[in-house]
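Right, one structure below, let's go through it.
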Amino acid sequence: DGHGAIDSIEIEVEPILINQIVLNMAEANCFIGDTIRLIATPYPTDATTKQLLWTSSDTSVVSVNDGACVALQEGTAIVSAHATDGSQISSNCRFIVSAPYVTSLEICLKDNDHAIESLSLTIHDSIYLQALIQPSNAHKDVNWESSNPNIISVENGLCRACQVGEADIICTALDGSLQ
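In terms of the working numbering, the sequence shown opens at residue 2 and continues consecutively.
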């Protein structure tokens, strides 16, 4: 009779969702200015959408762009790689950012970056010294001390000649570097 039976069904092909993201590190200890590359591997390897969204819990401490993490200031931040396929899967790396240790400390006149070895003052004169610290992103906290405060007193780099004689001015970094 020419009329055949026809039937159809709708078949939905479901995506394969990410069920795990593995990062190449779980914790990173670094210094201000360091760049660390996080590598994220989503599983299963045949997941339909492997694109990840990268975030930092504190972008003032660590910035992240596609896994490239830059340490900006001291502190702690969590960098996360998030699946974008709706699976709600993510993985984290904890960053602990520190200032580097002082590697070099020189005593200079205020507003001058040339080291001095000695200088002369007359009684009641004063001069302001500063510490030139390297690297530039290290802590700048220092302690000033006079070998003989009766001759030369020093406070926060301000030296005052109190009486005739000689004294050494010692400047020490307070970051534990022994500079």
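Glycine included, every Cβ here is placed at the ideal spot set by N, Cα and C.
Applying the 10 Å Cβ sphere with the 16-neighbour rule, what's the burial state of residue i?
i, result
"Asp8", "exposed"
"Val165", "exposed"
"Val188", "This structure cannot settle anything about residue 188, because the visible part of the chain is limited to 2 through 180."
"Ala69", "exposed"
"Ala6", "exposed"
"Ile170", "buried"
"Ala139", "buried"
"Leu39", "buried"
Quick check on this structure: which residue in the options has the alpha carbon closest to the alpha carbon of residue i?
i, options, result
"Glu15", "Ala82, Arg38, Thr60 and Asp47", "Asp47"
"Asp114", "Cys172, Leu133 and Asp59", "Leu133"
"Asn66", "Leu54, Gln74 and Leu73", "Leu54"
"Thr173", "Ser147, Ile152 and Glu167", "Ser147"
"Ile33", "Ala100, Ile12, Lys51 and Trp145", "Ala100"
"Thr123", "Ile153, Ile108 and Gln135", "Ile153"
"Ile128", "Glu156, Gln52 and Ile12", "Glu156"
"Ser178", "Cys160, Pro136 and Leu159", "Pro136"
"Val143", "Thr60, Ile108 and Lys51", "Ile108"
"Thr60", "Gln74, Gln52 and Lys51", "Gln74"
Using beta-carbon positions only, say whether residue i and residue j come within less than 8 Å of one another.
i, j, result
"Leu106", "Leu130", "no"
"Thr49", "Asp86", "yes"
"Ala84", "Ile22", "yes"
"Asp176", "Val103", "yes"
"Ser88", "Asn20", "yes"
"Asn149", "Ala168", "yes"
"Ile17", "Pro45", "yes"
Got a sec? Which residues, its chain only, sit under 6 Å from residue i by beta carbon, not counting five neighbours each side?
i, result
"Ser81", "Thr56, Ser91 and Asn93"
"Arg95", "Glu28 and Ile79"
"Ile97", "Asn30 and Thr77"
"Val71", "Thr36 and Ser64"
"Trp145", "Val155, Gly158 and Cys172"
"Lys51", "Pro43"
Could you pull out every residue in the same chain whose Cβ sits closer than 7 Å to the Cβ of residue i, ignoring the five residues on either side in sequence?
i, result
"Leu159", "Ser127 and Tyr129"
"Asn151", "Cys163 and Gln164"
"His125", "Ala162"
Within its chain, find whatever has a CB closer than 8 Å to the CB of residue i; leave out the 5 residues flanking it on each side and keep chain order.
i, result
"Ser1", "This structure cannot settle anything about residue 1, because the visible part of the chain is limited to 2 through 180."
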